[in-house]
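Visitor:
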Amino acid sequence: MELNPLFSNIFAPPVLFFLIGVIAVFTKSDLEIPAPLPKLFSLYLLLAIGFKGGIEIQESGILNNQVLLTLGAAILMSLIIPLIGFFVLRIKFNVFNSAAIAAAYGSISAVTFISAESFLTSQGYQFDGYMVGALALMESPAIIVGLLLVKFAAPKDRPNSRKLHFRSILHESFLNGSVFLLLGSLVIGFLTSSFGTEAAIEKMKPFTHSLFYGAECFFLLDMGIVAAQRLPSLKKAGSFLIGFAIFMPIFNAFMGVLVARFLSLDSGNALLFVVLCASASYLAVPAAMRMTVPEARSSYYISTTLGLTFPFNIVLGIPLYMSLVNKIIP
Amino acid sequence: MELNPLFSNIFAPPVLFFLIGVIAVFTKSDLEIPAPLPKLFSLYLLLAIGFKGGIEIQESGILNNQVLLTLGAAILMSLIIPLIGFFVLRIKFNVFNSAAIAAAYGSISAVTFISAESFLTSQGYQFDGYMVGALALMESPAIIVGLLLVKFAAPKDRPNSRKLHFRSILHESFLNGSVFLLLGSLVIGFLTSSFGTEAAIEKMKPFTHSLFYGAECFFLLDMGIVAAQRLPSLKKAGSFLIGFAIFMPIFNAFMGVLVARFLSLDSGNALLFVVLCASASYLAVPAAMRMTVPEARSSYYISTTLGLTFPFNIVLGIPLYMSLVNKIIP
Amino acid sequence: MELNPLFSNIFAPPVLFFLIGVIAVFTKSDLEIPAPLPKLFSLYLLLAIGFKGGIEIQESGILNNQVLLTLGAAILMSLIIPLIGFFVLRIKFNVFNSAAIAAAYGSISAVTFISAESFLTSQGYQFDGYMVGALALMESPAIIVGLLLVKFAAPKDRPNSRKLHFRSILHESFLNGSVFLLLGSLVIGFLTSSFGTEAAIEKMKPFTHSLFYGAECFFLLDMGIVAAQRLPSLKKAGSFLIGFAIFMPIFNAFMGVLVARFLSLDSGNALLFVVLCASASYLAVPAAMRMTVPEARSSYYISTTLGLTFPFNIVLGIPLYMSLVNKIIP
Amino acid sequence: MKRLDLIFSERELDAILITLEKVNVPGYTVMKHATGRGPERVVTEDDEFTGLGANAHVIVFCEQELIDKMRDDIRSVLSYYGGVAYISEATPL
Amino acid sequence: MKRLDLIFSERELDAILITLEKVNVPGYTVMKHATGRGPERVVTEDDEFTGLGANAHVIVFCEQELIDKMRDDIRSVLSYYGGVAYISEATPL
Amino acid sequence: MKRLDLIFSERELDAILITLEKVNVPGYTVMKHATGRGPERVVTEDDEFTGLGANAHVIVFCEQELIDKMRDDIRSVLSYYGGVAYISEATPL
Ligand SMILES: Nc1ncnc2c1ncn2[C@@H]1O[C@H](COP(=O)(O)O)[C@@H](O)[C@H]1O
Ligand SMILES: Nc1ncnc2c1ncn2[C@@H]1O[C@H](COP(=O)(O)O)[C@@H](O)[C@H]1O
Ligand SMILES: Nc1ncnc2c1ncn2[C@@H]1O[C@H](COP(=O)(O)O)[C@@H](O)[C@H]1O
Ligand code: NA
Ligand code: NA
Ligand code: NA
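Residue numbers (numbering that gives the first Met the number 0), protein chains in the order written: chain B, 0 to 329; chain L, 0 to 329; chain E, 0 to 329; chain H, 0 to 92; chain Z, 0 to 92; chain U, 0 to 92.
(1) Using the Cβ count rule (16 or more neighbours within 10 Å means buried), how would you classify E39/U?
(2) Check whether the Cβ atoms of Y300/B and A99/B sit closer than 8 Å, and answer yes or no.
(3) Go ahead and label H164/E buried or exposed: buried means 16 or more other beta carbons lie within 10 angstroms of its beta carbon, across all protein chains shown.
(4) Please tell me whether L220/L and F17/L are closer than 8 Å, where the distance is taken between their beta carbons.
(5) For the pair the segment 0-13 of chain H and the segment 25-41 of chain E, tell me if three or more CB-CB distances fall below 8 Å.
(6) Within this structure, are the beta carbons of L19/H and M69/H separated by less than 8 Å?
(7) In three-state DSSP terms, what is E1/B?
(8) At what residues does the beta strand (DSSP E) containing Y85/U begin and finish?
(9) Tell me where the beta strand (DSSP E) around K31/U begins and ends.
(10) CA-CA distance, F211/B and S121/B?
(11) In terms of alpha-carbon separation, which member of S97/L, S238/L, L78/L and S278/L lies closest to S139/L?
(12) Identify the continuous alpha helix (DSSP H) that holds H56/Z and give its terminal residues.
(13) For the segment 51-61 of chain L and the segment 124-132 of chain L, state whether three or more C-beta atom pairs, one from each stretch, are separated by less than 8 Å.
(14) Verify the CB distance criterion: does Y85/H have a CB-CB separation below 8 Å to chain L?
(15) Would you check whether ligand 4 has a heavy atom nearer than 7 Å to the C-beta of Y104/B?
(16) If I follow the unbroken alpha helix (DSSP H) through L42/B, where does it start and stop?
(17) Measure from the C-beta of L12/H to each C-beta in chain U and report whether the shortest distance is under 8 Å.
(18) Round the Cβ separation of T345/L and P248/L to the nearest angstrom and send it over; I've been treating them as touching at under 8 Å.
(19) With distance defined between alpha-carbon atoms, name the residue in V178/E, S278/E and F261/E nearest to P81/E.
(20) Closer than 8 Å, CB to CB, is T304/L near chain E or not?
(21) If we count the other Cβ atoms within 10 Å of its Cβ and call it buried at 16 or more, is G60/E buried or exposed?
(22) Looking at V94/L: is its Cβ nearer than 8 Å to the Cβ of A152/L?
(23) By Cβ distance, which residues of its chain are closer than 6 Å to V327/L, with the 5 residues on each side in sequence left out?
(24) With respect to 7 Å, is the separation between the Cβ of V29/H and the closest non-hydrogen atom of ligand 1 below this value?
(25) On the criterion of 16 or more Cβ atoms from any shown chain inside 10 Å, does T191/L qualify as buried, or is it exposed?
(26) Any heavy atom of ligand 1 closer than 7 Å to the Cβ of G52/H?
(27) By Cβ distance below 8 Å, which residues in the same chain neighbour G35/H in space, the five residues on each side in sequence not counted?
(28) Smallest Cα separation from L264/L: which of I32/L, N175/L and A73/L?
(29) Would you call E64/Z buried or exposed, if buried means 16 or more other Cβ atoms sit within 10 Å of its Cβ?
(30) Kindly give me the distance between the Cβ atoms of I73/U and A89/U, rounded to whole angstroms, as I take these residues to be in contact under 8 Å.
(31) With respect to 7 Å, is the separation between the Cβ of A98/B and the closest non-hydrogen atom of ligand 4 below this value?
(32) Where DSSP assigns a beta bridge to P91/Z, which residues make up the other side?
(33) Under the rule that 16 or more other beta-carbon atoms within 10 Å means buried, what is Q57/B, buried or exposed?
(34) Apart from the five residues just before and just after V110/L, which ones in its own chain have a Cβ nearer than 6 Å to its Cβ?
(35) State yes or no: is the beta carbon of M0/E nearer than 8 Å to at least one beta carbon in chain L?
(36) Establish whether the CB of P12/L and some CB of chain H are separated by less than 8 Å.
Dropping the structure here:
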């Protein structure tokens, strides 16, 4: 049956599993995926996406102008988005909260990226492996911008112990567990593909390739539960933040699609680029912020990214951005 | 080598893994599968069986008289069995214990069902996907009957807070985590198969289909450990309950096979129907009963279903019921 | 690209994942694989390796002189190695510590064995399934020797309750969870292959065979983290123990290769035999020793085997032993 | 200040937390996955498998006055479902 | 009433529980996966990987008299294998 | 002897352990995965998903004198990051 993309996105298994996770919470079912099982799937997805991306980057040959330009643009976007977000958020929030929330929106959500890939595949679009490189490169800069904003804009009476040193800013940005695993697996995929045997890659595939889609579904079931649990605290956070959690991604997507057009990306890669801009981090950034900016309320940046932006992107955003891409990319 | 069914059932990997789990406990080996790993496998099996069942139901077309009759008969059995069980159990037990144990036997065990499917496949029998629908439909009614029995037969001096409201009875029956996941996955399989892409189903298969048998083995290893750990407390519970845990399933199987004959099910589906009648719940029902009927001793209903009925069905029951089916179904 | 074995071993995914685990610890990344996820992978690997080995033993037919001789030699090595180790260690350590460390080196590391198999496959060597039998048989005898050494060489004033009975020595040796699971799965593989259906084995393969390499990588990532965390306490343990952790495996490998030559094993099996001799246990033996010889410092035997010998074997040892095998085996 | 230790089945956790919130305790700490045995000699295990749930151990540091206010509510939960509650002295650091 | 806190390696849990049952304590609570360091400066981690096991924290609310009865047995386990045991006052709610 | 109970976010565990080691406590026990709520009404959950981390409950049996030595250090961590610390009496078994 032919369906329009939005409709067909909602009937994709990952989205359906996400939705039954949400429904489980709303109907007060006691369905739960106990810790650390979700961690197993999130580690697995990072490992697999990195490994696959590394192989594809190696196979496609990285030293290509468009690739380098795209990666550069990706980094740039992850620096600019938090700055814009920060000034918007300062209308209502103090420096700490504004910086922390803004950083989350500058960074990315790997699961949203994965969902976009699945969407593209189901719609028959092509996309390139090097976009995983963009994914990996966009995680850290936003954290750096967030911490620098705190460093320079925060009131000068923070306790001494809390002075942020550049060293620790870099540490938080690049050595966060999920950033590290994604980058590490990317490098491993690249090295295996360069120096390893073909047989080794083939033997990895049942784990990293065949299982991927099912594991994605299982993980999204949990994400549905977690996201729905966050909604009440988002209501408490007020309508400004709720609006921000919807309109900031759309605004970022819009910027993203213009940049993608400027870079002459084809539709598949353009959508991935847009999704990277529009998605927000609920893993690396919150962990870094909670550690280095304890003054920010974690419920603000968690509930916006996880409770609203993530579901919005997964269910409605991706097909919406696709139609945007189709409008603007010739 | 050609073996008789009983013998060949014992040499199937799932049963062998179950048995080494049992042996591990009896020999006091410290083999253990720490929480929440068993939960991972039990969630996975429910998800996979639901998803597969949903696809098969959609593919076979559900609006068929025999299918509807079978599903109706399944629900009926799950209402009648606990009533019979209740009157038998009242000989020795109070209302609370009788109702809780009886409810468990009216409901079903998904793993016993899965084992029966594996058995049928290995013996070369056909069976239909809609039987998973029967599985899903038989979980809840027995819980309702159990709670209604408590509501109407229990002494009138239960604390006020414990008055059972129909709302909470329905909640316990249909929103228990494992019931919800099975039903949800069934619906997802159905929707994916109806409106999704063929590719999506293909991409799920390595997870939901290929991995299934191995995961079943791993889970049965743990079930063997858990079942064997329950045996001592069953001994304490006395010989009446031990007899009940063996003869009630056989009696239910007998009723089941007569109904199956009346429905003119073919051998494969008949066995599954019989196994649904003969198996007892150790997941959804105990959780519901512990919550709503704390007066019942949980060790009674857990140790009978898990410590005796489950192993009996897995190892001896299934081939026994098969020969019963072969005798009675023409 | 053709590489020399050492180089190509380092670019195999399992070794690369091990190395990024190590790097994660050294760079203080907060990457961690929370308990009990590593246990899931270690149980899985034991189950899969046992099951596969059991099938291969059955298929190749075990009643063969060379097979029996090899298995006998394996057991012999696991008795001799701890004796030699004990006398070396007594130079610096008391009876308890010496016995416990020596036992670990007499026993084996299943993951090192698996890595050697992967190495052989990638290098195009053949090897036989019955070597898994040797693996299984070498786990227990070293524990027995270790406990006997304590029983007879320890000061006579151990508290009475601590008298070691032969019964409990045997219990610790053969019923340790990981020994039990490996042996049990081996038996199951053997029985399934003998009496079960071909279909059953085929249905197990996606789980036990296809997934194996990926799961190995995931587990080695964790092993890298765990091993690197052990290094600091190894430094505290002093240079004698550090030297022992490197030279004892090499010495054992040397003995192993001579025995392999004497048994006329071909190169693939010879390497596996050598690796069994050279590897040290960080699972079964430590658990048994901590229970029965609490006087030994667990940090000694854990940090040597896990922090040094294991990484050494995985990264450098296996290709080194391969070139030794190629020199000495005609 | 007092320290109140409550140990009871995880399934009653929500009910107990509501009781605590009703009297506005300054805070509480919950530790799940506790196992144990009570006077009726029933051993509660951390048997997630069957979903029966283990025990929760809740610690509340608060004034005696608050404890008096919630005594009846807590007792009524614990007497029906089982569990123990003990008070001891505690001084803030 | 007294509160007895026992902290020791999980491996000795069975031995300790037998000791408790011998004097017929009214109940006990066990929390596993505790980590820590003792006077010999050995840090016990929750290192399930190697199967060495973490610590268990056992709480017993009972009369002083029972504590006196089991003192020697508990001490003999703890002195050989390590671990600590402390008593404090506790009043039932 | 005293018993010191510290409850705070797992993320500050290293800082607190360093403080304890500085005054050379005879030992300590750590229980992770605790959840709870503090006076600012923020509920800490065991939300490993986002990596924010749950609370740790640290128990130290030691002399009053050691507690006095570490009071300032501990207070400075807890006042900035949140958490509670209470002292009670304890007698070795
Ligand atoms: N005397 C006791 N000391 C410590 N914990 C207890 C005691 N009595 C009961 N408990 C705990 O409270 C739980 C519930 O007890 P019960 O009231 O028997 O259901 C038990 O599983 C124990 O964890
Ligand atoms: N002073 C103390 N305060 C709190 N816990 C302790 C103390 N001493 C020892 N422990 C606990 O008891 C365990 C065993 O100690 P040990 O006797 O050194 O083996 C340690 O790992 C700690 O968890
Ligand atoms: N009055 C209290 N009683 C018990 N635990 C508390 C109390 N206040 C705070 N806590 C614990 O300390 C943690 C940190 O509190 P906070 O200072 O609000 O960040 C909370 O999550 C609770 O686990
Ligand atoms: Na973004
Ligand atoms: Na039934
Ligand atoms: Na060895």
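Where a beta carbon is used, it is the ideal one built from N, C-alpha and C, also for glycine. Note that the structure is predicted; figures quoted are calculated from it, not measured.
Guide: Looking at the coordinates:
(1) exposed
(2) yes
(3) exposed
(4) yes
(5) no
(6) yes
(7) Because the pLDDT at E1/B is just 47, under 50, the model does not fix this residue reliably, and the value given afterwards should be weighed accordingly. Three-state DSSP puts E1/B in coil, outside helix and strand.
(8) V83 to E88
(9) Y27 to R36
(10) 15 Å
(11) L78/L
(12) It is not in any alpha helix (DSSP H) - H56/Z instead sits in the beta strand (DSSP E) that spans N54 to C61.
(13) yes
(14) no
(15) yes
(16) L36 to S59
(17) no
(18) There is no way to answer for residue 345/L, as the model of chain L reaches only from 0 to 329.
(19) S278/E
(20) no
(21) exposed
(22) yes
(23) Rather than Val, the amino acid found at residue 327/L in this sequence is Ile. Same-chain partners within the cutoff: V256 and R260.
(24) no
(25) buried
(26) no
(27) I6, V42, T43 and N54
(28) A73/L
(29) exposed
(30) Actually they are not in contact, since the Cβ atoms of I73/U and A89/U sit about 18 Å apart, beyond 8 Å.
(31) no
(32) Y85/H
(33) buried
(34) none
(35) For M0/E, the predicted model reports a pLDDT of 39, less than 50, meaning its position is unreliable and no value from the coordinates is stated.
(36) no
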